[in-house]
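Structure, as structure tokens:
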Amino acid sequence: MLSALNNRYRFKHRLYATVAGGMMLSLPAQAVELAENVDVHGFVSQAYIDTSANNFFGQSEVGSFDFRELGVNGFWQVGPNLNFAAQVTSRNAGRESDSDPRLDYGLADLHFYSESGIQSGIRAGRIKVPLGLHNQTRDAPSARNGIFVPASVYFDQFRNALVSTDGVALYTGFSNSWGDINLELYHGESDPGDREMEYYVFKLDAPGHFDDASLQGAQLRYESMGGGVRLALSYTRPSLDYVPNSGFDPLGGGDVISDMLLYSAQYNVSRFSFTAEYLLMINNVKNFGPAFPDFRAKGKSYYLQTDYRYSGDLSFFFRYGKQIVNDKDPDGIRFTPSHVGFGRTRVVGAQWQLSSNWLFRAEYHKTNGTAWLSGADNPVLTDAARKWEIFALQAVYSF
């Protein structure tokens, strides 16, 4: 019995290491085997986005094909206790993300203990950040729970800082007949990107820039036998320092520290999946000088999603999401404009798995508020519409 459990755990762990979070578990097509113990996967996606107002991942007010993703990832099993994994991606998402190739992750994974259903190890390099159910797979279009990850919880303004980090992670896991328990601790530094953090904090493109984010955190996960129940508790703490422009900059060298606690749960039964995630986030912004006074705000956000698998290749989902930037100001009265302080959205979507390689999606979003709207694509937020809609189509090819 223990031998079978160990084998099952090693297999699941090997897949996890391959894509730093389980992406290959969701990719439908077979890998390309370049050599013994070397596997390669890849994907290409193209979306069309049309919004009634505001720009979302490109100039979507007039209809846009700006959102596209390409990626190639590989896994090399060097020995029984050591493997390497890497992925290079190209992501175009309007002004907030150009299509330049980026190392999404590139890591070495060493298992230093494996006995009686327990396995422990260390990962080093560019590692995926274990945050909630979807952060590690948000760059794999066929692994997401929609065309876009739930915006109320997985902020695109924080995307670059949180999606992966250059550092080290320690992990341990226990596998038994009633399921798997895994714990991961990590520390690293991340590039926050060019402008999104400035729009997120100041609501404008500041003269200076944010330096690399220091990131620490942990995740505790549970998955029942067969995956019927998935639970996770995630904590991460990004810390960013602002570097003023050497010429003229009204802002001082301040810093932003966020504490993020994310509760995640999913229940899968027959044709249905029920998913809920709830995020508590405390932002401390200080030392920017008189031009931008210190403040501390506690934000709350969540989403609820129900998936219905009509048949083996066709499924539908409904999602409701809500974000409050400051729980003491749920209507955004202290913000200018007020609708940047909150967001509420209803989403209906459909997914058609045409073949093992091809996936097609369609979604409709009805949103009130602009808390997660990109400042890069909407630089004058006072001109943004409070109520807006999204219609999106996506085609995904995976191998």
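The sequence shown: position 159 = 162 (our numbering), numbered continuously.
Just so it is clear, CB atoms sit at the ideal spot from N, CA and C, and this is done for glycine as well.
Skipping 5 residues on each side, what residues in its chain have a beta carbon closer than 7 Å to that of residue i?
i           : result
residue 371 : 347, 389 and 390
residue 95  : 69, 70, 71, 101 and 102
residue 32  : Bear in mind that the predicted position of residue 32 carries a pLDDT of just 47, short of 50, making it unreliable; the figure below should be weighed with that in mind. Contacts found: 359, 360, 401 and 402.
residue 409 : Outside the shown range of the chain, which is 4 to 402, sits residue 409, and nothing can be said about it.
residue 141 : 147, 152, 157 and 166
residue 211 : 245, 246, 247, 248, 252 and 254
Going by alpha carbons, who is nearest to residue i out of the options?
i           : options               : result
residue 100 : 159, 66 and 267       : 159
residue 406 : 197, 396 and 72       : Any property of residue 406 remains undetermined from this structure, which presents the chain solely from 4 to 402.
residue 109 : 181, 272, 66 and 129  : 129
residue 285 : 85, 276, 40 and 330   : 330
residue 60  : 118, 379, 325 and 386 : 379
residue 116 : 85, 199, 162 and 295  : 85
residue 81  : 282, 114, 309 and 283 : 114
residue 88  : 319, 111, 104 and 106 : 111
residue 209 : 396, 255, 151 and 367 : 255
residue 355 : 51, 306 and 396       : 396
residue 67  : 232, 92, 97 and 93    : 97
residue 124 : 173, 385 and 392      : 173
residue 415 : 317, 187 and 349      : A question about residue 415 goes unanswered here, because the residues of the chain that appear run from 4 up to 402.
residue 75  : 51, 107, 83 and 52    : 107
residue 307 : 272, 73, 321 and 297  : 321
residue 161 : 187, 126, 201 and 118 : 201
residue 126 : 73, 119 and 187       : 187
residue 237 : 229, 265 and 288      : 265
Which residue comes first and which comes last in the alpha helix (DSSP H) that contains residue i?
i           : result
residue 200 : 199–205
residue 166 : 162–166
Could you give the first and the last residue of the continuous beta strand (DSSP E) run that contains residue i?
i           : result
residue 89  : 85–95
residue 284 : 275–289
residue 263 : 258–272
residue 151 : No beta strand (DSSP E) holds residue 151; DSSP gives it neither H nor E.
residue 139 : No beta strand (DSSP E) contains residue 139, which DSSP labels as neither H nor E.
residue 110 : 105–118
residue 333 : Taken as a continuous stretch (DSSP letters only), residue 333 belongs to no beta strand (DSSP E), as it is neither H nor E.
residue 67  : Element bounds for residue 67: n/a, residue is neither H nor E.
residue 310 : 298–312
residue 42  : 41–54
residue 384 : Premise fails: residue 384 is in no beta strand (DSSP E) and is neither H nor E.
residue 220 : 216–226
residue 400 : 390–401
residue 124 : 121–131
With the cut-off set at 8 Å, would you say residue i and residue j are in Cβ contact?
i           : j           : result
residue 121 : residue 175 : yes
residue 136 : residue 278 : yes
residue 2   : residue 375 : The requested residue 2 does not occur in the structure, where the chain is confined to residues 4 to 402.
residue 245 : residue 262 : no
residue 206 : residue 65  : no
residue 373 : residue 179 : no
residue 340 : residue 385 : yes
residue 227 : residue 182 : yes
residue 364 : residue 150 : yes
residue 271 : residue 230 : yes
Spatial neighbours of residue i within its chain, please: C-beta separation below 6 Å, excluding the five flanking residues on both sides.
i           : result
residue 184 : 177 and 225
residue 41  : 79
residue 251 : none
residue 382 : none
residue 268 : 234 and 279
residue 214 : 244 and 246
residue 304 : 155, 156, 282 and 326
residue 300 : 286 and 329
residue 377 : 99
residue 221 : 188 and 238
Put residue i into one of helix, strand or coil per three-state DSSP.
i           : result
residue 100 : coil
residue 339 : coil
residue 62  : coil
residue 211 : coil
residue 194 : coil
residue 378 : coil
residue 255 : coil
residue 241 : strand
residue 344 : helix
residue 373 : coil
residue 323 : strand
residue 357 : coil
residue 315 : coil
residue 77  : strand
residue 170 : strand
residue 352 : strand
Starting from the C-beta of residue i, find all residues in its chain whose C-beta is less than 8 Å away, skip the five residues before and the five after it, and write them out in chain order.
i           : result
residue 218 : 132, 164, 165, 168, 170, 189, 190, 191, 192, 193, 239, 240, 241 and 242
residue 316 : 355, 356 and 357
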